[in-house]
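Report on one structure; see the data block that follows.
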Amino acid sequence: MTRKPARIAAFLLLFVAFGLTVTATPNDLPFGDRELTGGALAFWLIAVSTFVSEDLTCLAAGTLAAQGRIGFLFATAACLTGIFIGDILLFLSGRWIGRPALAVAPVRWFVSDRAVTRGSEWIDRRGAAVIWLSRFVPGMRLPTYFAAGLLGTNFARFTGYFFLAALVWTPLIVGGAALFGATVVASLLPRNTGAFLEIAIVAVLGYLLLKLLLKVTTHAGRRRLVGQWGRLTRWEFWPPWAFYPPVLANLFRLVVAFRQPTAFTAVNPAMPDGGFVDESKSAILDGLLESAENTPYIARFVLLRGDASVEQRTAEVERFLDFNGLDYPVVLKPDAGQRGSGVAVIRNSDALKQYLEVNSRDCLAQEYVPGYEFGVFYVRHPDELRGRIFSVTEKRFPVLIGDGMRTLETLILDDERAVCMADFYLGQHPDAARRVPTTGERIQLVELGSHCRGAIFLDGAAIVTPELERAIDKVSRGYNGFYFGRYDIRTPSLDDFRQGKNFKVIELNGVTSEATSIYDPRNGLLTAYRILFEQWRLAYDIGTANIRNGHRATPLGELARKTFGFITR
């Protein structure tokens, strides 16, 4: 289970448990009431709930106090006890187990390795003051406390800091929730709202308000809010579940129009299922190399079998480099991958071994081709002698310019576009919080041409020339059974590329590839849908023609099984 779902599930279980316990008790529950049998249970359920979410637990306990179901001192003491115990456990996890604990639940649900590194650097710079600061900086308390144990700081001294920080923080949040909860219940919620529902509503509203208040108090927090707003309002950053429903609806329309649900799987007879799922990148590149004339246009590669040992695959890469007269860097990527997942630029033998140690599936080692990168979408109807370029995407790698004063992290957060992908870019640059680029220094944030991995996509239609279209068509017709898909191409020279020469194909994707020029920020949402609708109409049209010519479409049940197997393996 991933970090966020695990945290949410754990907190909900504890929240329901202590909420039901307390709401079932009569009236006020003063601290230490011996007559109420549920008192001790409620106290420890509240305390344990703080292990999962301190803020939500404090807000829920404060709401219970506002309702008069528990006393304010009881709520504060229970939350303080849980928070203090949790702080000590987090410190001891760093002290006794160290970084291996980051891979073990429940620690991995709350603390990332990158955050611990940042916390360690923070302690080195600011010492004990970070314990106080971390209480007010979103996302820093847990990794900082873990890092304090990891760095071998004095246990007694830091335990005192933990307690004092919690002693100040806890009454503020519980008390604020009590006042806020009383106001919400009295003025906003209907009189017949159930007690448990009141707790849930006030806790969630309070949690969102608290997070907002904490963020607006810092420059970084305010910029992250700008980034979140950008991801919400700029459709190019929308998650798939928000963007693709209209595309799926259009597919249903095409199914009815063409009367063949899976006609698109016949669009490329040379590829299994037309290149819909789990296609082999190496097999597709081998298909392009069936024509000897294509050899200069295909980036050299070698397939590394996942069942071979790390040593065998390392030796295979070294032989590949020696045989082709190449040197590092080299690109490694899964043989069956999606959306740039698992792709890495490897710059030395140590990095190669590290990659192979954690990747046991079949993968490609491919020559690194420097220069510009383009996505060229090609289509050809089976009844036509020549194909055409449907779209071209110019892929740009974002660059920031140092000023000698701001850290790389601040430069990322201050950039109007980079802030929308700040978490990803910061993950690519672990030293961003402490690195201060010199004045005029250029920092390229990413080096892989994938939109979801930080590249900027622009409509490159202006680069298309008759010479380029003829060159792409020649390469494509050299692959018997290929009619529809997108090339990822690199070239050192834009002028040469326009003339249809001096370029290398690094990848070819089949029917599920997109005309990625839609992600140009200048395109509106309706323009993107119009292009995708036309792309899928062409896929069905070409696939239907191939079926008439005797090629097979994958049955729906078989396609569903393959797709499910790829997703779940």
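Everything in the sequence shown is counted per this note's numbering, starting at 621 for the first residue and increasing by one.
Even glycine gets a Cβ: it sits at the ideal position worked out from N, Cα and C.
Contacts around residue i, its chain only, beta-carbon distance under 6 Å, and the 5 residues preceding and following it disregarded
| i | result |
| --- | --- |
| Y1107 | V996, V1125 and L1128 |
| P916 | none |
| K1182 | V897 |
| T1132 | F896 |
Same chain, Cβ closer than 7 Å to residue i, neighbours up to 5 away in sequence not counted
| i | result |
| --- | --- |
| L972 | T934, V937 and I966 |
| G1120 | E1087, L1088, R1090 and A1091 |
| P949 | V965, I966, R967 and Y988 |
| T670 | T677, C699, G702, I703 and G706 |
| R1055 | T1027 and L1028 |
| G1007 | Y998, V999, R1000, D1093 and S1096 |
As assigned by DSSP and simplified to three states, the class of residue i
| i | result |
| --- | --- |
| E655 | The pLDDT assigned to E655 is 37, lower than 50, so where the model puts this residue is not dependable; a value taken from the coordinates is nonetheless given after this. Looking at E655 - three-state DSSP - the assignment turns out to be coil, as it is neither helix nor strand. |
| Y1149 | helix |
| I690 | coil |
| R1054 | coil |
| T1013 | strand |
| Q932 | helix |
| E1178 | helix |
| A1173 | coil |
| T1183 | helix |
| Y975 | helix |
| E899 | coil |
| Q1155 | helix |
| A956 | coil |
| E987 | strand |
| V672 | coil |
| L909 | coil |
| Y948 | coil |
| G780 | helix |
| V794 | helix |
| G995 | strand |
| R879 | coil |
| V1019 | strand |
| A1204 | This structure cannot speak to residue 1204, because the chain is shown only from 621 to 1189. |
| R842 | helix |
| V937 | helix |
| V887 | coil |
| R1008 | strand |
For residue i, the nearest candidate out of the options (CA to CA)
| i | options | result |
| --- | --- | --- |
| F896 | I1167, T1164 and A1159 | A1159 |
| R854 | A1148, G780, S1011 and V887 | A1148 |
| V951 | A919, S1113 and A928 | A919 |
| L976 | F994, A660 and D927 | D927 |
| A890 | E1134, R1172 and N774 | R1172 |
| E1061 | M1025, R1073 and V1084 | M1025 |
| D970 | E931, A1052, L946 and D955 | E931 |
| G907 | R1150, L832 and G1101 | G1101 |
| S1137 | N1166, A776 and I1009 | I1009 |
| G1144 | T696, E856, A862 and A686 | E856 |
| L710 | R1006, V794, R1142 and F775 | F775 |
| V607 | G1022, S929 and F940 | Look at the range of the chain in this structure, 621 to 1189, and you will see that residue 607 is not part of it. |
| I666 | L1020, G962 and A697 | A697 |
| H1001 | T1164, F1184 and A1135 | T1164 |
| E1067 | F800, R1150, V1019 and Y1103 | V1019 |
| L1005 | F1153, Y1103 and G1130 | Y1103 |
| V887 | D1140, G1105 and L1146 | G1105 |
| L792 | H839, A695, T779 and P1175 | A695 |
| G1069 | S1011, F994 and G1022 | F994 |
| I904 | L1146, L984 and F940 | L984 |
Own chain partners of residue i with C-beta closer than 8 Å, once the 5 adjacent residues on each side are dropped
| i | result |
| --- | --- |
| L1179 | T882, T885, D893, F896 and V897 |
| N1122 | T1111, P1112, S1113 and D1116 |
| V1039 | R843, R844, V846, G847, G850, I1032 and L1033 |
| N944 | R920 and E987 |
| A956 | D898, E899, S900, K901, R981, D982 and F1186 |
Closer than 7 Å: residue i CB and nearest the ligand HEM heavy atom
| i | result |
| --- | --- |
| A797 | The model depicted lacks the ligand HEM and carries no ligand whatsoever. |
Worksheet item: Using 8 Å as the threshold, is the region 834-847 in touch with the region 1032-1047, meaning 3 or more CB pairs across them?
Response: yes
Practice prompt. Count the CB pairs spanning the region 1068-1088 and the region 878-893 that are closer than 8 Å, and state whether there are at least three.
Written response: no
Discussion item. Runs of 3 residues minimum, wholly inside the region 1062-1145: which ones carry the beta strand (DSSP E) assignment?
Written reply: 1062-1064, 1076-1079, 1104-1111 and 1124-1129
Worksheet item: Counting pairs of beta carbons, one from the region 923-939 and one from the region 864-871, are three or more of them closer than 8 Å?
Response: no
Discussion item. Tell me whether the region 1092-1099 and the region 908-920 touch, counting them as touching only if at least three CB pairs, one residue from each stretch, are closer than 8 Å.
Written reply: Touching, yes.
Discussion item. Between the region 982-1000 and the region 1025-1034, can you find at least three pairs of beta-carbon atoms closer than 8 Å?
Written reply: no
Practice prompt. Could you tell me whether the region 1064-1079 touches the region 1010-1024, using the rule of 3 or more Cβ pairs below 8 Å?
Written response: yes
Worksheet item: How do the region 870-879 and the region 1062-1071 stand: do at least 3 beta-carbon pairs fall below 8 Å, yes or no?
Response: no
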